[in-house]
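In the working numbering, the protein residues as written are 1 to 265.
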């Protein structure tokens, strides 16, 4: 149980370090952390519901076919999307334009909890029908993959809902996110029996990761903060290039040119 929870939190760490940590100073980090806790608390409720209603009742006990199992996953996904829309759409959050960064951390928390529940099942050596259950090297690799997919997948979906709130398309994003959550929930459960499903979800996450970094999350900044962030990113890139090209033992000349920042905006 402790190992499963620790692996679930590893997905949170990757998602936090991958995006949010790079934007420290441009977002309200205290608020983002609070929404991470909201995601952990609410995510455990949805994770238990997914475990009992789909994994146990539909898959293990075979009391529901795939169509009804997908309908149940859509209902759970709709409940998650409704909660996310409520939390990210509050007037105070919208006025701060914090719906996207808060959505990212909220999704990380939700993903960590379903990860923990699924990994507990995966590490159970008597999981019916699974050739990969038990505690060994293969199951640990599968567990780590589930952690990354669940956390980043939920974070991307919740951030997308935040974009919908800021662009006045919240109902469109609600329906799309409900479908995505339903597919993600059912897919993560089937990973316990068919790990190759990981490839599909990894491809989708890899495709949308740059969009989240360059478009969705910066949308949550004020115009001044967004301009300062882009300026900082350009400066960091110039410093990185200068460091890579520097010859050790030689004096660096024209450092001012390296630190000049484009003023196209």
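Using N, Cα and C, we set each Cβ at its ideal position, and we do this for glycine too.
Counting only residues of its own chain and dropping the five nearest sequence neighbours on each side, residue 143 has a CB closer than 7 Å to the CB of 7, 119 and 122. The residues 132, in chain order, have a CB closer than 7 Å to that of residue 138 in the same chain once the five nearest residues on each side in sequence are set aside. By the Cβ rule, the segment 92 to 104 does not count as touching the segment 71 to 79, because fewer than three pairs are nearer than 8 Å. Apart from sequence neighbours up to five positions away, the residues of its chain that approach residue 32 with a beta-carbon distance below 7 Å are 20, 101, 102 and 105, ordered along the chain.
DSSP places residue 201 in the uninterrupted alpha helix (DSSP H) bounded by 197 to 211.
By the criterion of at least three beta-carbon pairs nearer than 8 Å, the segment 177 to 197 is in contact with the segment 77 to 89. For residue 190, the enclosing alpha helix (DSSP H) stretches over residues 170 to 190.
The shortest C-alpha to C-alpha distance from residue 59 to any of 114, 187 and 88 is the one to 187.
Residue 65 and residue 221 have their C-alpha atoms roughly 45 Å apart.
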